[in-house]
Every structure is written in C-alpha cells, then in structure tokens.
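Residue numbers (our numbering), protein chains in the order written: chain E, 1 to 291; chain R, 292 to 951.
Right, here's the structure in full:
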C-alpha cells in the first residue's frame, strides 16, 4: 500500500529523514565509490588492463609507428638493392662466356669479378676473338700489376663495360663490349650484307683488292702476319674479295680492315683487325701506289 | 530530497562508468597499438657520414635512447616538478588537475589550463597529431592508461625524456644537452637542467638562442616549482637563478652546420630518398678532408674580416659581404673542402654550389684555349690593345673597356692574359665566336646556362665557384676531366656496398694547348693580377686567374696547383659593389686571391712540391712583349724592351702574322 508522502513538519523530522539508514548507506557507497577511484585509480587500471589485453588487435598507427615503418621501408629498399646485386653476382659466377656475363648484368647493374673469373672467361675465347677484348700481353701486365685491386663489370644499354680498378679506385683500363661484339666473340667473325662504300668510316680509304694485296706484299714479310693476323677468317669465306677498306680510327692498338666479298651476286663485308702500326705502313704503300 | 540527490549522484557515477566503458569499446579500434618495450621504436638506426680520414662528420636520423642513470638527477627532478610533480602517484591522469582544467575550460572562456601528465604527453608525442580536439584528448588519456598498466614508472620516464622535443631540432635529453650546452645529459648542472626542462612547454618561444632572457625567466619558474615541490632548497634555487648558463657556440641547433654536408645530403636524398638517408642506417664515406675544411673556413673568415675592414663595415652592420670556397682534388674530382658562406648559422644558403655569379675575367682561359685550338694562335701571337667596337646585329655595338681604362697597344697574348686586357679578349672572341668559348667551358664541366653572346668570354654568364674549381682542374691536369663528386662509397648497416665511385678520366683538352694556357696562367700569379699570392709567400708552382665582374659586384680568384684546384668568390648576396673606404673598387686580386693563397699555403703545407709536367713538343722561347719576336732578332733597337718567356708547340713559329 502506497504511503502518502508529506513534507516534514519540523527540523527533527528533517534530520531524521536526512540521516536515515538508507541515505547514509547511499552516501557511504557513493563516497567509497569516488574515494576509491581517487585513491586506487581502479577505473584507469581497469581501462588500461582491458586495452592492454586488446593491444595486439589494434593498428600500428601514429607518428612513432610511421617512423618505424620508414626505417623498415628503408631497410627493405636497401636489402632489395643488395639481394639484386648478390643474385647478379651469383649469375656472373656461373657465367661460362662473355655472352653469359652480359646477359647476367642488366643496364645499371654492376658486379665485381675476381681476376681468375675474368681470366677463365678470356681463355674460353678463340685467340682472334680474345684479341678484340684485350691484347694478351696487356692482360698479363694488368693481372700481374700490384696496383690492380679488382675488376668491375657494369651493364649498359649497349652491352657491358669492364673496368680494371686500382687500390685508389682509379680506372686503369676500361674495356667496352657492345652486345654485337659479344655475340661475334662467341660465334666467330661473320660477314654482314652491304658495301664498303656505304660505310662512312671507310670513306676515302677503299681500295681494289688487287691494289691492296699488291701493296701488302711490298711490305717486309714479318709485318704481314701483324696486318692480317687471322687469315683463316677470310679463307673460310666462299666469296671473292673485291675491295678492301681501312677504318678511320684505331681502337686498342688495332685498326679495322673491311673486306668486301661477292658471293653469288650478294655483296657482303667481313671485318678483320690489323695492328695499327702495320696498317699505317700499308696505308703509306697504298698512298704511294695511288700517287 | 537528500536521498534523491544521493541516488542521483550514484546513478550519475554509474552512468559515468558505463558510458566510460562504452566509449572505450567504441573508440578502442582507433587507438594505436603500443610497442613493447616502449623504447623499441623510439630507437632508429643512425646513418653516418664519414670524412676522408674516417672521422664521423654527422649522424643522421639519430634517435639514441639513453638510460635514466645517464641523465642528470637535476633534470629529472626539474622535468617532474614543472610537468607532473605527482607523476609517481597517479595512473596516467591527475584527476584533480583535470577537473580544475575542465572547470576553467567550461566556465572561464579564453583561459586554458593544461592538465596533461607526463604519461599523457608521452602518448600524445608518440601516437597522436597536435590537433586539439576532445576526441584526441580522450584517446590520449586511454593510451596513457594502457601505458601506465603495461610499464613501470621508470620505463615511462625513460621513454619520455628520450623522445621529448626541446626545439632547435633536438629530440631527447641527450641531444638537447649536446645541442644547447655541448655536453652529455649526465653533466647538466641545476641551472642548465632547469633551463632545458622549461623548453618543452613551447620550444620555439623559449629557444634560448633566440630569446635568452625569456628562456631564463622560464628557467626561474622551473626552479621555483622545484623548490615548491621539495626537490631543492630555496637557497639552491636562488643560487641557480643567479647563474647564466653559457650556450654552446659551435652549434646553435641540430642542423648539419656544414655547407658540404648539406650538399652531400641533398645529393643522397635525390638518389636514394629521404627514408634511406635518414632511417636506413647507411654509412657514407665522403670526400671531405677535415684538415683542409678547417683551413678553408679559417681562410674565408679571416679574409672576409679583412674585407670588412677594407670597406669600413663593422660587426653591427647586418649586411656584410659573403664568401665561398671550393677545393677539388685535380686527380680524382673529389671535393676536399667547401665553404658556402661566412656563417652557416646565419645563412644556410650555399654560395659555393647554388649561387651563380659573373666570373668576369675568370672565363678568359676558356677563350684563350679556344683561340689557340681553333685559330692556331699561341702565347706569342701579337694583338693590339685598342678601343674595340664589335657590331652586333639588332642591338648597339659592344664596346668593352679595360679595367685600367687605358690602352697599351701591341702585346703578345700571354701578356694580354697576364694583364687581363679586355679589348684583346673581345677581339679574340669576335674571331672564335662565343660558341667556341662556351664549348670549351662545357667540355671542362661548366653546366650553368651560358649566353651565346660575345661578352660570355669576359665572364658575363653566371657560374658557381663549384663549377669554376672543377673546370679549372681540367687545366691543372692538362686536359683530363674528372667530374666532381662528394662521396666515395655508401654501405648499408652491415657493411655491404650500395654504391662505389670509380675515378674515370676523360681527355677533353689537347695537352700541349692546355699547357700553353696553364703556362700563361702561371704568369698571372707570378707577375699579373694575382701576384699578391707570391707576396704572401705562396711559392709553389701554381696557375690561376682573377675575376672581377662589372661594377665590382663579384671578386674571384680561381687557381690550381697540379694537385688541388680552388675557387674563391667574394661579394654581397644582393647586387652591391665591393668598394673600399676611398671609394675604389675591390678586385679579385685584392680580396679573393689573398684568401686563396692563405688557404692553399696551409692546405699544401705537408705535400711535396710538384710542377706541371711539360708535354712533348713544347719548347720555351723568350720574346719581346710588343713584337712577339725573339728580342735579339726582331731588328728593332730599344734598350727598354720587355721580354717574356712563352711556351710554343714545335710547329709554331715566332713573328708570324697571325692575329694582326
């Protein structure tokens, strides 16, 4: 049965009601609630514990994680560079030929070659092809040179560059091998279709074959092997030599000679290197004849 | 009624708890994960830059965490007193302060009261932006609770003092102690510790380098607070207030402090990105020679002080002339020293690399080389110093004048370069064409845009000292070019090579012709506009050329020995003439050449003396300066004949009619 609420009619009644058991209990509970929070930080601790329990499920966000990610990204980037290089280095170690070497190194990549690795690649070439890379005597000198520190190989758009480096990081010798040169090193010298007269490098230095050989045989006998050091390259060809041209610049002590061949109505040109000084001797003879 | 109020309070408290829990569940997924331990991701590997002698020049991206026992107790007390004196009593939140702050925020508009505990500040600095929102504040508080639950007070304080920002780029107490006082955090005294503890509130406003008095006032507040909270006695506080800590002069902040390093870092960032440079832990082996760098800085400083005195400029004037110096190893292209201005901390602008100024006559060696190579001229070719007017299509004639404003008549080209005769240079460029001059400058490595005008030969196109030092080094090697560079090698943290530099030579100039120009430039130092160098006691074989731009805005000297090429520039940043107190223009020979000589003398002190090698087919002849003929054979009798030694190629003849 509901009691009719009435206003306390005197002060004693007010006090009685204010300090009733229920009121005091509620007050004590509230006070304990607030006091215990201030004293024991139970809310913070509960919240903190709960959040700690879910820590692993939350995202790694915020400036400090970003910096951590930058570090991790930087390491990944550096590791990618290193592993790419190591992979290239591994492929280079397996290379059995200059073609393998060139195909292992992409443009912009570089590796260090051991002297013995380079020596093995060099010795795998036929003598005529090896001469195109570097003269054997020069290689012997480089490899026996105390200052040679390492051999460095760099991929380029055109092929590969090989650097012989001293202990001061200076390039002692640089060999540039174009892709076309590399394939000819492996496959041997092959004629290409065309005329000497179409090649600007031979302009003004194209001679009829008869005139060329006549001038050649006026040279002392010991010079001729230096001029055409690998006659087998020419002897292997089926066609007839009609013209011979002399290249307008020398490279590594050699000057390129172009032999124009007529084979079943097809004109082709085959290149052979002659020693620079021997070719100059021949040029003088040829000029003398033409005068 | 009372019961109702009490119930109401209890209900409110319960609702508060429930809503608190609801909020936690609601925003929990937006809260960041905490690392364990806290300091794990505070530390990042440092990238280091080494000098050529192996000395560490700078450590980049360093976030070195130091243990609490390596920090001055005064600093720990000071930071606790000023930031959170109840740190050891709360669990991430100071409730009374928070309620007070809430009251002030709600009922006293315009007033702000901070209540963040050290734990909350740590949470904010590690995980949140500086955006001021209630939600961010709430998240920060929750993360602080978790930090308190998962870590000891010692661990929290350790993380806090190692990541706190003190301004001037200093993060962490160790860095701050080094930046502001040049000492370790352990060695901070009470006054210094209190000053540093006052900075985090507003690192910019209290930066002691800019606002020393303000920083001292803040320090005094910290000291008072330390006394109030019982960390120090009143006497100790008062004594500390009397002291004025001296700031570390050598380094006013965490900037590199070096023009060379700025240039190097910019290079690295362009190549590998900021992440790799600052967070990759790489090792960069630079070309810088600390001994030469030190000499360069001293030479520039003393040279510019002399220039100030010459111009009547005192320390109080804010606009003072600047200077730059670059020294390059001619045999490799390695940059050995670089100074980009008189005071890095006042101006970081690198005048050695990024400032392009008119080199004046410093460009003439390129012209003379072009004339020798293209026209067959040689040092004994005779030309006439006379008024010159060069017709230029579509504009008025070009009438270059000599600095002396006089004309001397006939003279050999060597003499013309020694005396820096502009009219003869103008006649030469008219014959070679400006494109021939710019072509020589280009193959020597000048990359700045060059105008295709006659006056380019007199140095009217702007270039940097870096370019000039590099281009002149091609003459030093008699025609072999080495591109300049700032580092040799880069390794990752494990010593694996990321990049390695090889020195490649490119022959770009004819050796004998280059030697002829070098021989003429040697005489510039021995008897020409650079003779002050000999007066200063620099007696090694060296060659060079002064340069002074029109109206004396720029004064240069670029010169070289066979091993070191150095360019010195002086002038104002803004267009302003270099004039002395007698209103006379200051030339490169008066200001830049002495700096060059001072530097080179000290830089090469321990190196053996070497002369430039004389190429094959070069012979020396003594000729009459006026006729270019052998003085005994030219048939003219004159007792006052002035003779000069010239270098000629074997096929070149004297008394020819070239150039007449």
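Note that beta-carbon positions come from the ideal geometry of N, C-alpha and C, so glycine has one too.
Separation of the CB atoms of residue 279 of chain E and residue 255 of chain E is rounded to 4 Å, and the pair is thereby assigned contact status at 8 Å. Partner residues in the beta bridge of residue 273 of chain E, as assigned by DSSP, are E:256. By the criterion of a C-beta distance shorter than 7 Å, residue 216 of chain E is surrounded in its chain by 224, 227 and 282, once the five residues flanking it on both sides are discounted. Cβ contact annotation for residue 358 of chain R (same chain, cutoff 6 Å, sequence separation greater than five): none.
Contacts with chain R at 8 Å (Cβ-Cβ) include residue 58 of chain E. Exclusion of the five residues before and after residue 208 of chain E leaves 243 as the residues of its chain whose Cβ lies within less than 7 Å of its Cβ. For residue 654 of chain R, the three-state secondary structure derived from DSSP is helix.
Between the C-alpha atoms of residue 685 of chain R and residue 643 of chain R there is a straight-line separation of about 36 Å. Restricted to the stretch 200–247 of chain E, the alpha helix (DSSP H) segments that are unbroken, complete and at least 4 residues in length are 209–217, 224–227 and 231–235, listed in chain order. Within the model, the alpha-carbon separation for residue 79 of chain E versus residue 813 of chain R is close to 51 Å. Listed along chain E, the residues sitting closer than 7 Å to residue 787 of chain R by beta-carbon distance are 82.
Taking 8 Å as the Cβ-Cβ cut-off, the stretch 60–78 of chain E approaches chain R at 60, 61, 62, 63, 64, 65, 67, 68, 70, 71, 73, 74, 75, 77 and 78, given in chain order. Looking at the DSSP output, residue 838 of chain R bridges to R:847.
Remark: C-beta atoms of residue 510 of chain R and residue 549 of chain R do not approach each other more closely than 8 Å. Residues of the stretch 564–592 of chain R with a Cβ closer than 9 Å to any Cβ of chain E, in chain order: 564, 565, 566, 567, 568, 569, 570, 571, 572 and 573. Taken in chain order, the complete beta strand (DSSP E) segments of 3 residues or longer contained in the stretch 637–688 of chain R are 673–676. A residue is called buried once 16 or more other Cβ atoms fall within 10 Å of its Cβ, and residue 772 of chain R is buried on that count. Rounded to the nearest whole angstrom, the C-alpha separation of residue 118 of chain E and residue 274 of chain E is 25 Å. Within chain E, no residue has its CB atom less than 9 Å from the CB of residue 447 of chain R, the nearest being about 12 Å off. Secondary structure note for residue 39 of chain E: it is in no beta strand (DSSP E), and the uninterrupted alpha helix (DSSP H) holding it is 21–40. The alpha-carbon of residue 312 of chain R is positioned some 36 Å away from that of residue 516 of chain R. No residue range can be given for residue 501 of chain R, since it is assigned to no alpha helix (DSSP H) and is classified by DSSP as neither H nor E.
Annotation for residue 98 of chain E: the continuous alpha helix (DSSP H) segment containing it runs 98–104. For residue 315 of chain R, the closest Cβ of chain E is nearer than 8 Å. For the options R:907, R:591, R:464 and R:459, the alpha carbon positioned closest to that of residue 501 of chain R is the one of R:459. Residue 153 of chain E sits in a strand when the DSSP states are folded into three classes. Taking 8 Å as the threshold, the shortest C-beta distance from residue 340 of chain R to chain E does not fall below it.
No Cβ-Cβ contact shorter than 8 Å links residue 431 of chain R with residue 328 of chain R. When C-beta atoms of the stretch 773–793 of chain R are compared with those of the stretch 836–854 of chain R, fewer than three pairs fall below 8 Å, so the two segments do not count as touching. CA-to-CA, the gap between residue 448 of chain R and residue 55 of chain E works out to about 21 Å.
For the pair of segments examined, the stretch 789–798 of chain R was found not to touch the stretch 861–868 of chain R: the number of CB pairs separated by less than 8 Å stays below three. Residues are counted here when their Cβ sits less than 8 Å from a Cβ of chain R; for the stretch 146–179 of chain E these are 152, 163, 165, 168, 169, 170, 171 and 174, given in chain order. For residue 320 of chain R, there is no enclosing alpha helix (DSSP H), since its DSSP letter is neither H nor E.
Here residue 910 of chain R carries a strand assignment [DSSP, helix/strand/coil]. Excluding residues up to 5 positions away in sequence, 153 and 175 lie with their Cβ nearer than 6 Å to the Cβ of residue 162 of chain E in the same chain. Secondary structure note for residue 56 of chain E: it is in no alpha helix (DSSP H), with a DSSP letter that is neither H nor E.
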